[in-house]
Each structure stands twice: as C-alpha cells, then as structure tokens.
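Under our numbering, the residues of the sequence shown are numbered 5 to 292, in order.
Ideal placement from N, C-alpha and C gives every residue a C-beta, glycine not left out.
Quick caveat: nothing in here was measured; it's all calculated off a predicted structure.
Below is one structure, written out as structure tokens; comments come after it.
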Amino acid sequence: MFEILHTRQLTPVTKLFEVAAPLVAKAGRPGQFVILRVHGHGERIPVTITDLDPQAGTVTVVIQEVGATSKMANALAEGERFHDLAGPLGEPAPLREKGHVVCVGGGFGAAAILSILKGLKAKATHSSAIVGARTAELVILEDRLRDAADALHICTDDGSAGFKGLVTAKLEELITSGEPVDEIVAIGPMVMMRAVAATTAPHGIATLVSLDPIMIDGTGMCGACRVTVDGRTQFACIDGPLFDATKIDFDELVRRNKTYRDEEEAALHRYEQAHCRAEEAAAAATRP
Ligand SMILES: Cc1cc2nc3c(=O)[nH]c(=O)nc-3n(C[C@H](O)[C@H](O)[C@H](O)COP(=O)(O)OP(=O)(O)OC[C@H]3O[C@@H](n4cnc5c(N)ncnc54)[C@H](O)[C@@H]3O)c2cc1C
Ligand code: FES
5 MFEILHTRQL TPVTKLFEVA APLVAKAGRP GQFVILRVHG HGERIPVTIT
55 DLDPQAGTVT VVIQEVGATS KMANALAEGE RFHDLAGPLG EPAPLREKGH
105 VVCVGGGFGA AAILSILKGL KAKATHSSAI VGARTAELVI LEDRLRDAAD
155 ALHICTDDGS AGFKGLVTAK LEELITSGEP VDEIVAIGPM VMMRAVAATT
205 APHGIATLVS LDPIMIDGTG MCGACRVTVD GRTQFACIDG PLFDATKIDF
255 DELVRRNKTY RDEEEAALHR YEQAHCRAEE AAAAATRP
C-alpha cells in the first residue's frame with residue numbers, strides 16, 4: 005500500500021498525487037514511469053514520474069481522467085492509499101550534457117516533462133519548455149515548470165494565456181528564430197506528438213516522444229506494449245517509453261490503442277453507474 009501524502013486538483017480532470025514510495029523515489033530517473041493499481045482487483049495504469057524526492061521518499065505523479073481507472077484514481081484523497089505502485093519502469097530520458105533542449109508538453113505531458121527539465125537543470129544544458137492547453141485555466145504546474153526551465157512558453161488555443169495557437173506553431177517559431185535547437189522531447193496526446201514530429205522532421209532536429217501504448221506487466225513479458233520503431237518490434241515498457249519520433253509507426257500504435265475500446269467504454273459506464281448509485285445512497289442517508 006502506498007500512502008497519498010498530498011494532492012492538488014490541477015484542472016477539473018487532472019490531479020497531482022505525492023505518494024510515499026521511498027524505494028522508487030531513490031531509484032527513479034527522469035523520463036521513467038510507474039504502474040499503479042487503485043485496488044487489489046484493479047487495472048494497472050502506467051503514469052509518468054513527474055517528480056522525485058529521494059530525501060522525503062516521495063514520488064509525484066499527475067493523472068488525467070480518461071476512463072474508469074483514471075477516474076477511480078482521481079477520486080482518492082490525501083491519507084488514502086494506492087494498492088500498489090511498481091517502478092521505476094522504462095529507460096530514463098537521455099539527458100544531454102550541453103546544447104539547447106526543448107521539451108513540449110500537452111495534457112498530462114505538461115507535468116511529465118517536469119522531471120526531464122529538472123534533470124537538465126543539473127547539466128550545462130539550456131532548456132526551453134513549450135506547454136499547451138485549450139485555455140488558461142487548463143495550464144498545469146506553471147509555477148514548477150517556470151522554476152525548472154530556462155524559458156517557459158505557454159500556448160493556449162484561445163489566447164487566454166501566453167501565445168495564441170498550438171505548441172507546434174510556437175515550436176516552429178523557436179526553431180526558425182535563429183536560436184539553435186539540438187533536441188526536442190515531446191510528451192502528450194498522440195496527435196500532438198505526431199504533429200511535433202512532422203514539425204521538426206524538415207529541420208532534421210533529433211526528436212524523442214514518449215509513447216503510451218496499452219501496457220499490462222511493464223516488464224517486457226506480456227507483449228501488450230509492442231510498437232514498431234524503424235521497422236523493428238520494440239516494447240515501450242522496457243525499450244522506451246521515449247523513442248525517435250521519425251522512426252515510429254504511429255498508424256499501427258493508434259490502431260492497437262483502440263483494441264479494447266468497447267471494454268473501456270463498458271468499464272466507464274459501470275463505474276459511472278456505481279458512482280451515481282453511491283451518491284444517491286449518500287444523499288438519501290442524509291435526508292431527514
Ligand atoms: C508510459 C506511459 C506513461 C503514461 N503517463 C501518464 C501520466 O503521467 N498521466 C496520465 O494521466 N496518463 C498517463 N498515461 C496514460 C494512462 O496510462 C492512461 O490514460 C490510463 O491507462 C487510462 O486508463 P483508464 O482505465 O482510465 O482509461 P481506459 O478505459 O483505458 O481508456 C479510456 C479512453 O482513453 C483513451 N486512452 C486510454 N489510454 C490511452 C493511451 N495510452 N493513449 C491514447 N488514448 C488512450 C482512449 O480513447 C480510451 O478509449 C501513460 C501511459 C503510458 C503507456
Ligand atoms: S507492458 Fe507487457 S511487454 Fe510491455
């Protein structure tokens with residue numbers, strides 16, 4: 005059992021958890037992930053390490069609700085516990101010793117790039133972060149990203165904060181501004197990572213993206229997270245999750261991620277029904 009020491013609701017569907025997990029906090033590296041279970045019979049969900057504090061023995065993760073398990077996780081409060089938290093998993097991000105690295109984050113990816121930016125801060129590397137959200141209220145962890153990156157660029161679709169437009173437009177602007185860019189790391193929705201890859205390819209800049217295929221064991225044995233990179237089968241849980249964006253078969257990944265869509269929708273429906281019934285029962289119990 006892993007106690008939740010602190011939570012912070014970042015948006016209506018995104019929550020930060022600081023969890024007591026001393027061994028993971030000690031061994032974890034930027035770019036790695038953990039696999040959580042909310043309860044003993046639950047699904048295992050992979051989440052990226054947002055931050056680590058080896059002294060305090062804590063691991064910070066940020067979970068965005070998309071289906072039944074992520075909703076169940078985000079219903080947990082301070083003092084409650086995750087049933088298990090396995091990790092650190094995956095290969096750490098390769099942190100450049102010098103040059104200019106641009107980290108691009110969207111959705112939960114804005115949190116996921118934090119550990120990489122903090123890792124780069126310890127090097128002689130100049131780092132920029134580009135973070136995108138639909139609107140100002142959905143920008144997450146701006147304070148921590150500003151501390152970690154040498155330059156932070158917020159982008160919103162409606163222009164309510166920072167640059168008005170997509171992260172890829174800001175990235176193109178940065179690349180063509182004359183300031184050299186040596187590497188790009190993008191984490192977020194698949195559509196964003198694909199668009200980042202298409203933006204950087206004509207400029208020939210090394211681009212890594214963090215893939216999020218379906219995962220089960222996270223140890224390279226079940227094969228669920230199989231992806232094709234440069235024509236070869238790779239397992240994202242042990243060979244990744246970061247891969248060279250120009251070499252990924254994104255079409256296959258999108259197809260494979262839809263494999264259990266019917267089951268995922270049914271699980272969400274069951275969760276929402278049960279949640280409604282619990283709320284009705286609680287309301288009935290307080291009625292005079
Ligand atoms: C290495 C790795 C790191 C991750 N890091 C984070 C993180 O830091 N924070 C976070 O919130 N999430 C992260 N994810 C994604 C997270 O694991 C999934 O959102 C979660 O497993 C969904 O479980 P669920 O039961 O809530 O939804 P499900 O019922 O499994 O899915 C509901 C719907 O969400 C969409 N969806 C679910 N999973 C994915 C996916 N992997 N890719 C694209 N669409 C998907 C699909 O439309 C699906 O139908 C990561 C995934 C991987 C593989
Ligand atoms: S999750 Fe099973 S092999 Fe990667």
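Of the residues assessed, A152 falls on the buried side of the cut-off, its CB having 16 or more other CB atoms within 10 angstroms. Distance between D55 and L121, taken at the CA atoms: about 10 Å.
Rounded to whole angstroms, F254 and A201 show a C-alpha spacing of 11 Å. The chain-ordered list of residues whose CB is nearer than 6 Å to some heavy atom of ligand 2 reads M219, I220, D221, G222, G224, M225, C226, G227, A228, C229, F239 and C241.
In the structure shown, the three-state DSSP call for C241 is helix. In this structure, the alpha-carbon of L20 lies about 16 Å from that of G61. Short of 7 Å from the beta carbon of H45, and not among the five residues preceding or following it, lies no beta carbon of its own chain. Spanning the alpha carbons of V135 and K127 requires a straight line of approximately 22 Å. Its chain contains R48, C226 and A228 as the residues whose beta carbon lies nearer than 7 Å to that of I220, once the 5 sequence neighbours on both sides are disregarded; these appear in chain order.
Judged by beta-carbon spacing, M76 lies within the 9 Å limit of V42, meaning their Cβ atoms are closer than that value. Closest by C-alpha distance to C159, out of G111, R148 and P92, is G111. In this structure, E187 and A210 form a Cβ contact; the two beta carbons are roughly 5 Å apart against a cut-off of 8 Å. Non-local beta-carbon contacts of E7 in its own chain, meaning distances under 6 Å to residues more than five positions away in sequence, involve A24 and R85 in chain order. Collapsing the DSSP output to three states places C226 in coil. If you look at K122, you'll find it in the alpha helix (DSSP H) that goes L118 to K125.
In the three-state reduction of the DSSP assignment, Q277 falls in the helix class, which pools H, G and I. Under the DSSP definition of a beta bridge, Q68 partners with T18. In this structure, the beta-carbon distance from V171 to V213 does not fall below 9 Å. Counting C-beta atoms within 10 angstroms of its own C-beta, L27 has fewer than 16 neighbours from the protein chains shown and is therefore classed as exposed. For E177, the enclosing alpha helix (DSSP H) has its first and last residue at V171 to I179. Under a 10 Å Cβ-count criterion, H130 is classified as buried, with 16 or more other Cβ atoms of the shown protein chains found around its own Cβ. The residues G224, in chain order, have a CB closer than 6 Å to that of I242 in the same chain once the five nearest residues on each side in sequence are set aside.
Between A271 and G103, the alpha-carbon positions lie close to 46 Å from each other.
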